[in-house]
Every structure is written in structure tokens, then in C-alpha cells.
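Q: In the numbering used here, the protein residues as written are 51 to 803.
Provided herewith is a single structure, encoded as C-alpha cells, for subsequent inquiry.
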Amino acid sequence: SCDASQNCNCSAMGLDFIPPGITARITLLNLAHNRIKHIRSQDLQQAVNLRALLLQSNKISSIDEDSFQSLAKLELLDLSNNSLAHLSPVWFGQLFSLQHLHLQGNSYRDLGESSPFSGLWNLSSLHLGNPWFSVIRQGNFEGIELLQELWIDGRNLSHYEQGSLKSIKKINHMVINIRSVNVFSEIVRDILHSVAWLEVRRIAFSISAEMQLLRVMSLSFVKKISFRWALLTDATVPEIASILEDMPKLVELELIDCRLLGTGRWEMQIQAKQSQTLRVFTIEKLSIEKFYLFTDLRTVEGLLSLLTRVTVQNTKVFLVPCRISQHLLSLEYLDLSENLLGDQSLEHSACQGGWPSLQTLNLSQNSLSDLEMTGKSLSHLENLIVLDISQNNFDEIPDVCEWPKTLKYLNLSSTQIPKVTNCIPPTLEVLDVSANNLKEFGLQLPLLKELYLTKNQLKTLPGAAPTPNLVALSVRRNKLNGFSKEEFESFKSMKLLDASDNNFICSCEFLSFIQHEAGIGWVLVGWPDKYVCDSPLAVRGAQVGAVRLSLMECHRSLVVSLICILVFLLILLLVAVGYKYHVVWYLRMTWAWLQAKRKPKRAPPKDICYDAFVSYSENDSDWVENMMVRQLEQACPPFRLCLHKRDFVPGKWIVDNIIDSIEKSHKTLFVLSEHFVQSEWCKYELDFSHFRLFDENNDAAILVLLEPIQSKAIPKRFCKLRKIMNTKTYLEWPPEEEQQQVFWFNLKIALRS
51 SCDASQNCNC SAMGLDFIPP GITARITLLN LAHNRIKHIR SQDLQQAVNL
101 RALLLQSNKI SSIDEDSFQS LAKLELLDLS NNSLAHLSPV WFGQLFSLQH
151 LHLQGNSYRD LGESSPFSGL WNLSSLHLGN PWFSVIRQGN FEGIELLQEL
201 WIDGRNLSHY EQGSLKSIKK INHMVINIRS VNVFSEIVRD ILHSVAWLEV
251 RRIAFSISAE MQLLRVMSLS FVKKISFRWA LLTDATVPEI ASILEDMPKL
301 VELELIDCRL LGTGRWEMQI QAKQSQTLRV FTIEKLSIEK FYLFTDLRTV
351 EGLLSLLTRV TVQNTKVFLV PCRISQHLLS LEYLDLSENL LGDQSLEHSA
401 CQGGWPSLQT LNLSQNSLSD LEMTGKSLSH LENLIVLDIS QNNFDEIPDV
451 CEWPKTLKYL NLSSTQIPKV TNCIPPTLEV LDVSANNLKE FGLQLPLLKE
501 LYLTKNQLKT LPGAAPTPNL VALSVRRNKL NGFSKEEFES FKSMKLLDAS
551 DNNFICSCEF LSFIQHEAGI GWVLVGWPDK YVCDSPLAVR GAQVGAVRLS
601 LMECHRSLVV SLICILVFLL ILLLVAVGYK YHVVWYLRMT WAWLQAKRKP
651 KRAPPKDICY DAFVSYSEND SDWVENMMVR QLEQACPPFR LCLHKRDFVP
701 GKWIVDNIID SIEKSHKTLF VLSEHFVQSE WCKYELDFSH FRLFDENNDA
751 AILVLLEPIQ SKAIPKRFCK LRKIMNTKTY LEWPPEEEQQ QVFWFNLKIA
801 LRS
């Protein structure tokens with residue numbers, strides 16, 4: 051499970067314990083999402099160079115006190131989402147290099163009587179807490195002076211001892227998940243001067259009387275406050291605003307996924323003494339159940355003049371009152387994306403005198419439908435540089451439009467425009483018209499530097515003459531087939547080209563042409579993964595001059611010829627190997643076996659015509675035909691023998707003759723000799739009798755040794771025949787005449803058995 055860097059991934063492997071074999075070479079060990087319940091002293095004893103240990107999402111309920119004693123170089127320890135009911139300071143006593151400690155999602159209710167973290171001098175981030183975490187005591191954080199991040203899940207925190215967090219001198223980002231306003235106010239008293247960014251989650255500001263407890267926040271030096279999943283009401287918003295505007299160093303305020311119960315009719319007038327430091331205000335996914343009854347917010351006009359960045363995203367905004375826009379005197383960045391602004395409401399929102407300093411405006415994913423009206427509504431914005439109106443539904447584009455004279459960046463992607471006209475302002479330096487099904491592009495844009503035409507229907511590159519200063523062009527996912535020499539000449543100054551996912555016909559000549567004709571600094575970014583040629587050009591993100599095609603792409607005919615020769619040689623090699631190891635024989639035997647198996651193992655008694663089928667070599671025919679046949683067929687009673695010379699059916703396939711003769715005979719008599727072993731047809735007869743007779747485990751085979759023959763001379767593939775010769779009695783032809791009468795007697799007895 052370890053890679054070359056000794057990062058070992060054993061996550062989600064169903065482990066019940068830390069596996070043995072962990073050595074000093076391992077630097078990262080991932081054991082997350084297993085079923086480990088206990089960490090023993092010896093489990094990690096050898097992992098002296100371990101930098102990261104991930105044990106989250108197990109079932110760990112107990113840890114031996116010296117389990118982490120040898121991990122002096124450990125920088126990250128994740129024990130989150132386990133079943134630890136308490137935390138022991140001894141666990142972390144030797145972790146001098148530890149920077150990140152994750153303990154959230156366990157079942158402990160407190161951190162103990164003292165600090166579990168007193169020896170962690172290098173600790174940078176600490177995550178702790180769970181749904182049962184209810185008590186923080188003084189001294190729990192002793193030994194920690196500086197943290198980049200402190201994350202506390204205290205949704206059910208009910209008791210906080212004053213001074214518990216005062217020992218931490220500086221916290222860059224503190225995230226606290228808390229419901230009790232009372233406990234939260236006590237925590238705030240201890241972090242007035244230590245926290246730079248405070249993120250509060252799941253708190254409910256619903257009771258006006260509780261807001262007085264938060265007055266202490268006005269003394270805080272926090273620079274950024276984020277409220278996530280918080281509850282606000284018309285009664286508490288003015289109180290919170292009053293507290294925030296008194297904070298001496300607050301620069302940024304965020305409301306993310308919050309809920310507002312009300313319509314903006316504040317019960318008390320918000321004072322006009324605006325914050326002198328607040329510059330950035332962000333609202334994302336604010337839920338207002340009766341948003342259509344929301345007021346014009348005149349009560350907050352006096353708080354807006356110094357804001358420089360405002361984001362109100364995905365909050366069902368359908369109108370920005372003109373008076374609000376006119377009070378946003380310092381606003382430079384405005385994001386109103388994913389809302390309900392239409393053409394008429396935009397005209398009212400961007401009224402004369404509104405947003406006088408605005409430089410960047412994002413109106414993407416709204417309900418705009420008239421491009422001419424949109425441009426006219428914004429034309430008075432003398433400082434506007436960047437405009438994003440993507441993912442609106444314009445459908446049509448007029449021939450002439452009115453735009454701010456300072457506009458340099460325009461995003462019209464995914465707006466359903468069928469073509470581009472002179473409505474596009476000539477002052478642009480960056481234009482994005484991706485995903486509009488455009489079939490051509492030929493606008494005169496002398497200042498344009500970047501052009502994005504992704505996901506259109508272009509078959510040729512846009513002309514370079516109308517855009518002489520173009521340095522970056524994206525034509526991904528179009529229908530381009532290639533580039534002409536004229537197109538290359540016109541784009542000599544271009545530095546970046548993204549032409550992936552087109553229909554290029556690639557070849558060595560094509561790339562060579564690119565390398566010689568294109569500018570020196572030209573980069574082909576993301577060469578097409580799908581195109582007409584057989585294999586991709588490996589030039590993704592590389593300079594054109596550095597690209598080299600593979601042998602297959604440049605010399606296809608030669609490569610194909612070499613492949614054919616190699617295939618032919620491979621076939622010859624297979625034939626030679628098959629001949630040496632009798633592969634052909636095995637194939638023939640398989641076919642014969644299939645044929646034989648389709649027939650019944652024994653022929654009916656009425657079909658038995660012979661007492662024995664005689665299998666012999668042609669070189670032994672003199673002995674068989676002149677001696678054995680005479681002795682057996684002239685005996686009393688006579689034996690009827692089947693000989694291939696005499697009894698095979700003319701014109702019938704010889705293999706069928708052999709099979710039929712064996713099946714129509716009581717016995718099969720093999721006359722074995724050196725000639726027999728070398729005879730091809732004798733081998734066939736042995737083969738078929740091997741399947742038909744020896745598999746039946748009976749005595750249908752009679753072996754006659756005409757001359758002495760060793761069993762090892764019989765081919766090894768006839769394993770059953772070799773076994774019979776080694777285990778059963780066979781008849782041997784005696785050279786002495788006085789013994790021959792005994793031989794014939796025994797042979798006749800065997801044939802009658």
C-alpha cells in the first residue's frame with residue numbers, strides 16, 4: 051500500500067487493528083475509515099520518521115499511554131470521528147513536532163482538569179469538540195501561545211470558565227460552532243485581542259435581551275467576522291449592526307447560509323455613525339422567506355459609503371434601490387450573481403449617480419434578456435472595467451450597443467447569442483463568448499488580447515487581421531480540422547493557443563508545419579484527446595518547438611510492416627513450440643475424444659462382430675498374418691480377428707474405421723514392438739482405445755510384447771498405457787519353440803475371458 055515516497059494508504063480496508071510491519075521508512079500512514087478500536091504500545095514503535103498519521107473515522111476508544119512515544123517527527127495527527135471518551139496529556143507528551151491535531155467528532159465531554167496540549171509547542175491548528183462536548187475549564191489550553199486555526203464544535207457547550215482561552219496570545223482563524231449566546235459572550239471576552247478572523251456557526255440571534263451580552267464584541271480587535279448558518283430577526287439586526295460598527299479594526303463581514311426572519315423593518319433606527327474600517331461585505335445564500343416584502347433598506351444607507359467590495363449572491367435579489375446604489379460611493383467590486391435581476395430592475399438599480407466608483411460588476415445567472423438595454427443601463431459607469439453577464443438568456447444581439455468607454459473585460463458566455471456583431475465594444479482587451487454555438491467570428495477588436503471561443507461550432511480560426519494584438523486564443527470543443535499556412539502567418543504574435551477537443555487530422559507533417567510556421571513562444575495547451583487520427587499528439591502544455599511525435603505517428607507504414615514481420619515470426623515460433631511439445635497431437639486427441647464421447651461406451655451385443663481387433667505395425671505384419679492369425683483363426687473353436695488390411699471398409703475415413711473396429715470387438719490386441727511405437731497409425735489406434743477402453747477400467751486390452759521393450763520407450767502422453775505395463779501382466783513372445791505353445795494357450799485364454 052506504499053508508494054515511492056513511502057506514503058502508505060490503508061484506508062477503507064476493513065482493518066480491525068493497526069497492521070504489523072510498519073517500519074522507519076514510512077512517512078505517511080493513512081488508516082482512516084477502518085474498524086480499529088484500540089492502539090497498542092507496539093503498533094507504531096518503529097515508525098520513527100512518520101510525518102502524518104490519519105486515523106479518522108474508526109472506532110478507537112482506547113489508546114495505550116506510550117503509543118505515540120516514538121513519533122517525535124509527527125506533524126499531523128487526525129483522530130477525529132472516533133469513540134474517545136477522554137483525552138490523556140500523556141498521548142501527546144512526546145509529539146514535539148506536531149503542527150496539526152484533529153480531535154473533533156469523538157465522545158469526550160471535556161478536556162480534563164489540565165491541558166492535554168501543554169507540550170505541543172509547534173501546534174498550528176487544533177480541531178476539537180463534538181455534540182457531547184459541554185465544558186471548557188481554565189488551563190485546558192495552557193502551553194499553546196500561537197495558532198493559525200482553532201476549530202471548536204461546541205454546539206452544546208454549556209459551561210465555560212473565564213480565562214480558559216486567554217493563554218493563547220494569537221489565533222489567526224477561530225471557528226466556533228455554538229448555540230448559546232451567553233457562553234459565546236464569555237468566550238468573546240477572552241479573545242478580544244487575540245483573534246484576527248472569527249467564524250461563528252449555528253448561533254441564533256433571536257432574542258433582543260441577549261444582544262446586550264454581546265456588547266463586549268465592540269471592544270474586539272477582530273478584522274473579519276463570518277456568520278454561517280446563523281439566525282437573525284428584524285429585532286436583533288439593528289443591535290448586531292450597532293455592535294459591529296463600533297469594532298475598531300473590523301474590515302470584512304460575511305453572512306453565509308444564514309436565515310433572516312423579517313422584512314427589513316427594523317424596530318429601532320440604525321445609527322448613521324458608520325464604521326470607519328469596514329470595507330468588505332459578503333452575503334451568500336441568505337434565506338428570507340418573504341423576500342418579496344422586503345423594504346428599500348433606507349435605514350442602512352448611512353452605513354454604506356465606505357464599502358469597497360460587496361457580494362450579495364444567491365439571495366433572490368430582484369432590485370437594488372436607487373438610493374442604496376447612490377450611497378455606495380466607494381464601491382469598486384459588486385457581485386450580484388445568481389439572483390433575480392431583470393432588465394427593468396437593473397436600469398433602476400444602476401441609476402444615474404449609482405455606483406460611481408465601480409470597476410468590477412458580476413451579474414451572471416440573473417434574468418437579463420435584452421443586451422442592448424443592459425449596455426445602456428451601465429453606460430454611465432465611468433470606471434467600469436470588468437463586466438460578467440454570463441449565463442443570462444439574451445437570445446438576440448443588436449447591431450449597435452452603448453457601453454462604458456472604460457470597459458476592457460466582457461463575459462458573454464452561455465448567453466444564447468447566435469452571432470457576434472458590432473454590439474461588442476471595441477475597447478475590450480478580454481472577451482469570452484464561449485458556449486454560444488457561434489459558427490464564425492470576425493469582429494474588428496484592435497485592442498483585444500485574449501479571446502475565448504470554447505464550445506462553439508467554429509470550423510476555421512477567427513481572422514487575425516481584426517485582432518492584431520491577440521496573444522491568447524481558446525478554441526476548445528469546436529469543429530476545427532486543421533490550420534492553413536495563412537492562418538499561421540497571421541497569428542505569429544500569439545503566445546498561447548488552446549485547441550483541445552477538435553477534429554484535427556494529425557500527422558508528422560502537420561506538426562512539423564506548426565513548428566516551422568508558428569511563433570517561437572506559441573504553446574499548444576490541451577491538444578485534442580479525440581480527433582480523426584489513431585493516437586493522440588502528446589503536446590499538451592508543451593512549447594511547439596519542443597514537441598516530438600512518436601515513431602508510430604511519423605512512420606506509420608514502417609511500423610505496420612515491422613509489426614507484420616513480428617507477427618509472422620511469432621507464428622513460426624508458436625508452430626515450432628507446438629511441434630516440440632506435441633500441441634498438434636493434443637488438439638487431434640481432443641477432437642477424437644469429443645467424437646468418441648458422443649457414442650455409447652459399449653456397442654450392443656448384437657453389433658459385436660469380432661473377438662479382437664488387432665493393432666500392429668506394418669513391419670510386424672509377417673508374424674501377425676502368418677503365425678498369429680493362423681493359430682487363432684484355425685483354433686477350435688476359431689477366433690474371429692479384425693485386421694485393418696482385410697476388414698476395414700474401403701472408402702471410409704480411416705479414423706472412423708479404427709473407431710468402429712474397436713467398438714465392434716470384444717478385445718483389442720496390441721502387438722507391441724519398437725516398430726509399433728514409431729508407427730503413426732498405431733498411435734491413432736492406441737489413442738482411441740485409450741479413450742474407449744482404458745477409461746472403462748476393464749480388461750478389454752491385451753498387450754503382446756513381440757520383442758522386449760521398455761515402458762519408457764512408450765510416449766509419455768500415453769500415461770494409462772504406461773501404467774498398465776507397470777501394473778498388469780502382459781504376454782511376451784518367447785523365442786524358444788517349447789515355450790511358444792504355452793504363449794498361444796495363454797493368449798487364447800485371455801481372448802475368451
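Where a beta carbon is used, it is the ideal one built from N, C-alpha and C, also for glycine.
So what's Tyr-629 in DSSP terms, helix, strand or just coil?
A: DSSP, read as helix, strand or coil, puts Tyr-629 in helix.
Q: Going by the DSSP bridge assignment, what does Arg-359 pair with across the sheet?
A: Val-330 and Tyr-383
Q: In chain order, what residues of the same chain lie with their CB nearer than 6 angstroms to the CB of Ser-417, ignoring the 5 residues before and after it?
A: Leu-390 and Gly-392
Q: Between Leu-310 and Ser-276, is the Cβ-Cβ spacing less than 9 angstroms?
A: no
Q: Measuring only the C-alpha atoms, how far is Trp-572 from Leu-148?
A: With a pLDDT of 48 at Trp-572, under the threshold of 50, the modelled position of this residue cannot be trusted; read the value that follows with caution. Approximately 46 angstroms, taken between the alpha carbons.
Q: What residue does the beta strand (DSSP E) around Asp-438 start on, and which one ends it?
A: 436-438
Q: Please work out which residues of its chain come closer than 8 angstroms, Cβ to Cβ, to Pro-688, disregarding the five sequence neighbours upstream and downstream, and give them in chain order.
A: Leu-682
Q: Where DSSP assigns a beta bridge to Trp-201, which residues make up the other side?
A: His-177 and Val-225
Q: For Gly-162 and Phe-183, what's the separation of their Cα atoms in angstroms?
A: A direct Cα-to-Cα measurement between Gly-162 and Phe-183 gives close to 11 angstroms.
Q: Relative to the C-alpha of Leu-121, which candidate in Arg-85, Ser-112, Arg-75 and His-136 has its C-alpha closest?
A: Arg-75
Q: Might you give, ordered along the chain, the residues of its own chain that have their beta carbon closer than 7 angstroms to the beta carbon of Thr-345, omitting 5 neighbours on each side?
A: Thr-313, Gly-314 and Arg-315
Q: Can you tell me which of the three DSSP states Val-634 falls into?
A: helix
Q: Among Ile-613, Leu-620, Lys-714 and Ala-626, whose alpha-carbon lies nearest the alpha-carbon of Ala-662?
A: Of Ile-613, Leu-620, Lys-714 and Ala-626, the residue nearest in Cα terms is Lys-714.
Q: Which residue's Cα is closest to the Cα of Leu-300: Phe-341, Thr-327, Ala-291 and Ile-241?
A: Measuring from the Cα of Leu-300, the nearest candidate turns out to be Thr-327.
Q: Using the beta-carbon count (16 or more within 10 Å), is Asp-584 buried or exposed?
A: At Asp-584 the pLDDT is 34, less than 50, meaning the model places this residue with poor confidence and gives no usable figure here.
Q: Just to confirm my understanding: we take Cys-804, look at its own chain, exclude 5 residues before and 5 after, and list those with CB closer than 8 angstroms. What are they?
A: Residue numbering for the chain in the displayed model covers 51 to 803; residue 804 lies beyond these limits and cannot be assessed.
Q: Who are the Cβ neighbours of Asn-222 in its own chain at under 6 angstroms, not counting the five residues just before and after it?
A: Gln-198 and Ala-246
Q: Who pairs with Thr-718 in a beta bridge, going by DSSP?
A: Phe-663 and Ala-751
Q: Report the rounded CA-to-CA distance for Asn-552 versus Thr-471, giving the unit in angstroms.
A: 25 angstroms
Q: Please report the residue range of the beta strand (DSSP E) in which Val-233 lies.
A: Val-233 -> not in any beta strand (DSSP E); alpha helix (DSSP H) instead, spanning 231-240.
Q: Please confirm whether Asn-57 and Asn-80 have their CB atoms less than 9 angstroms apart.
A: Going by C-beta atoms, Asn-57 is nearer than 9 angstroms to Asn-80.
Q: What's the C-alpha gap between Ala-522 and Gly-404?
A: 35 angstroms
Q: Based on DSSP bridge pairs, tell me the residues matched to Lys-220.
A: Leu-196
Q: Quick one: what does DSSP say Cys-692 is sitting in, helix, strand or coil?
A: strand
Q: For a test of the three-state rule: what should DSSP assign to His-858, helix, strand or coil?
A: In the structure as shown, the chain starts at 51 and stops at 803, and residue 858 therefore has no counterpart that could be examined.
Q: Nearest CA to the CA of Phe-255: which residue from Leu-356, Glu-289 and Ile-226?
A: Just measuring C-alpha positions, the residue of Leu-356, Glu-289 and Ile-226 sitting nearest Phe-255 is Glu-289.
Q: For Ser-51, which three-state DSSP category applies?
A: coil
Q: Buried or exposed: which applies to Ile-439, given that a residue is buried once 16 or more other Cβ atoms fall within 10 Å of its Cβ?
A: buried
Q: Compare the C-alpha of Ser-665 against each of Cys-686, Leu-693, Ala-685 and Ile-658 and name the closest.
A: Relative to the Cα of Ser-665, the nearest Cα in the group Cys-686, Leu-693, Ala-685 and Ile-658 belongs to Leu-693.
Q: DSSP three-state call for Glu-304: helix, strand or coil?
A: strand
Q: For Ala-515, count neighbouring Cβ atoms within 10 angstroms of its own Cβ and tell me buried if that reaches 16, exposed if not.
A: So Ala-515 ends up on the exposed side.
Q: How is Ala-291 classed by DSSP in three states: helix, strand or coil?
A: helix
Q: Using 9 angstroms as the limit for Cβ to Cβ distance, is Arg-527 near chain B?
A: Of the protein chains in the structure, only one exists, and it is not chain B.
Q: Can you tell me which of Leu-434, Ile-467, Ser-414 and Pro-468 puts its alpha carbon nearest to the alpha carbon of Tyr-459?
A: Distances from the alpha-carbon of Tyr-459 to those of Leu-434, Ile-467, Ser-414 and Pro-468 put Leu-434 closest.
Q: Can you tell me whether Gln-159 is buried or exposed? The criterion is at least 16 other CB atoms within 10 Å of its CB, across all chains shown.
A: The sequence shown places Arg at residue 159, not Gln. The residue is exposed, with fewer than 16 neighbouring Cβ atoms inside 10 Å.
Q: Below 7 angstroms CB to CB, which residues in the same chain sit around Glu-786 once its five sequence neighbours on both sides are set aside?
A: none
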